[in-house]
Amino acid sequence: MLKSIYFIKTLLGICFLSLFISGCATKIPSVRKTSSSARSKAWKSKRAKEGKAISGPVKFSMLPSSSSEIAARRINIKSQAISSWRQLGPQIRKSIEYAGRNPSGGLALKRKDLRLTWGQLRKSLEDLERLLPRLDINPELLGRYFVWYELQSGAEMTGYYTPVIEASLVKTGPYKYPVYRVPPDLRKARPGQTHPWSEQLRKAYRVENGKILPYHSRRAIDVNKVLAGRGLEVAWLKDPVDLFYMHVQGGGVLRLPDGRLRTAVFSGTNGLSFKGLGRIMLEKGVLKKSQLSREKIKGYLLSHPERMWELMAENNSYIFFKLTRGQPLGANGKPLMSMVSLASDPALIPLGSIVAFRTDIFPKKGSPSRRVNGLGLAQDAGKAIRGARLDYYIGTGNEFKYTAHHLKKRVPVYLLISRAALRR
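Structure representation (structure tokens):
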């Protein structure tokens, strides 16, 4: 019993001593470490001396006037295979006509960092058109009369071209892969029409047995042949992969057996989501990321015909065409211009925009790169062109294939708006 009492007293003594020590000890204030990841960072450009853009926030910031004049002097229109600024006149006029089809006060660009109306875009194009005769001698006028809005992130620039594809107007011999026109049962919601449909059903749908359904997918059209035998074929191709990529690019030039040329022009879509072949093959483990060039993708598909249609069918999107004798058209409904026209995401760079950029292209295999300090016009769009990305139109003809396929880099980009337009 005495031992127990002694043990309890000893234990209480230790507890009181501990409380005394902890109460008298000097408290050390907690030090809050401030790391770069904990701060709310304002993005800062870490460009190399030559001005190469790197990733950052997708937003516009206005260049000072002095900087825009320096940037304007660097533009070399001859690097775009153009001998004089005046040669841009007809192409600018096409953009003016497109911008003029939209309500002047309507918003062409609606962002927190920049809002522009169609009227301001049109005014900018008109001011550029008037300035053309003076730019051969004084290119810095582009910096004096225009505000340069820099895309802080820059943009990933890729290249595209209009291929010339072997085709026939009738199904014969090796020409057995159909190019379809818009089917009569493909419907679109009228402007202002409201229904509890998904966004894709608003773009295109069909009615079957009184039910509203999405339009047929690529699998249904290419694998299950749901459109075959309905007289919808406008041409036939030799190569199924060429046909797929014609869908991706939204058009192509067809060379008929007798040498005549016809242009396949975008005429409609099934409204379903787009998925690129490179992404499909990467996800399926078919090719590695380092192998995703168009040549290697095509080579794999043609050497594995048993998998070709299944892999292509993973892209639900399907394009319909009409044949013309004219030039390839952009999303603005106007012919494209080699080394000038750009495809963009209209939510970031609206159709009709004036865009300054700097990139390097490879004219042909084995040749050194060539610097292009250029002025482009946003005149095209595409399902694969989203966010901070530009697709540079290299030209019409298979000779442009190498250049188009070997352009992929992040480049500095500027949106040009005339000062007079901003005062409106």
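With the first letter of the sequence shown counted as 1, position 157 gets the number 159 in the working numbering; the numbers rise by one all the way through.
The beta-carbon is built from N, C-alpha and C at its ideal position, and this holds for glycine as well.
Where residue 406 is concerned, the enclosing alpha helix (DSSP H) starts and stops at 403–407. Here residue 168 is near residue 257, since their CB atoms are less than 8 Å apart. Judged by pairs of C-beta atoms under 8 Å, the stretch 145–153 does not touch the stretch 375–386, as fewer than three such pairs exist. Bridge pairing for residue 184: absent [DSSP]. DSSP assignment within the stretch 269–341 yields the following whole beta strand (DSSP E) runs of 3 residues or more, N-terminal first: 321–326. Leaving aside the five residues that flank residue 102 on each side, the residues in its chain whose CB is nearer than 7 Å to its CB run, in chain order, 124. DSSP places residue 396 in the uninterrupted beta strand (DSSP E) bounded by 391–398. Using a Cβ distance threshold of 8 Å, residue 415 and residue 157 count as a contacting pair. In the DSSP assignment, residue 216 falls within the unbroken beta strand (DSSP E) covering 213–216. Around residue 171, the same chain offers 237 and 258 as residues with beta carbons nearer than 7 Å, after the five sequence neighbours per side are excluded.
Put simply, of 79, 221, 229 and 417 the residue whose alpha carbon is nearest the alpha carbon of residue 312 is 221. Between residue 93 and residue 174, the alpha-carbon positions lie close to 39 Å from each other.
Relative to residue 97, the option among 409, 344, 71 and 408 whose CA is nearest is 344. DSSP places residue 221 in the helix class (H, G or I) of the three-state scheme.
Straight-line spacing of the CA atoms in residue 347 and residue 417 works out to 13 Å. DSSP, reduced to helix, strand and coil, places residue 364 outside both helices and strands of the structure shown, so it counts as coil. The C-beta distance from residue 235 to residue 180 rounds to 4 Å, short enough to fall under 8 Å.
Cβ atoms of residue 159 and residue 413 come within 8 Å of each other, at about 5 Å. Excluding the 5 residues flanking it on each side, residue 424 has same chain C-beta neighbours closer than 8 Å at 122 and 149, in chain order. Restricted to the stretch 124–175, the beta strand (DSSP E) segments that are unbroken, complete and at least 3 residues in length are 148–153, 157–164 and 166–170, listed in chain order. Non-local C-beta neighbours of residue 134 in its own chain, meaning closer than 7 Å and more than five positions away in sequence, comprise 87, 88, 90 and 91, ordered along the chain. Just so you know, the alpha carbons of residue 279 and residue 308 end up roughly 16 Å apart.
By the Cβ test, the stretch 322–335 is in contact with the stretch 268–278, since at least three Cβ pairs between them sit closer than 8 Å. In the DSSP secondary-structure assignment, residue 375 is bridged to 360. Around the C-beta of residue 387, 16 or more other C-beta atoms lie within 10 Å, and the residue is accordingly described as buried. DSSP places residue 254 in the strand class (E or B) of the three-state scheme. Scanning 243, 254 and 366 for the CA closest to the CA of residue 300 turns up 243. Of the candidates 218, 364 and 241, 241 places its Cα closest to the Cα of residue 177. Three or more beta-carbon pairs drawn from the stretch 394–408 and the stretch 362–374 are found closer than 8 Å, and the two stretches are therefore classed as touching. Taking C-alpha positions only, residue 291 is separated from residue 284 by approximately 7 Å.
Annotation: the continuous beta strand (DSSP E) that includes residue 207 extends over 207–210. Under the three-state reduction of DSSP output, residue 369 falls in the coil class, being neither helix nor strand. In the same chain as residue 119, and ignoring 5 residues on each side of it, the C-beta atoms closer than 7 Å to its own belong to 106, 107, 108, 109 and 110, in chain order. Between residue 162 and residue 82, the gap from beta carbon to beta carbon reaches 8 Å or more. In the structure shown, the three-state DSSP call for residue 241 is coil. Between the alpha carbons of residue 207 and residue 189 lies a distance of about 5 Å.
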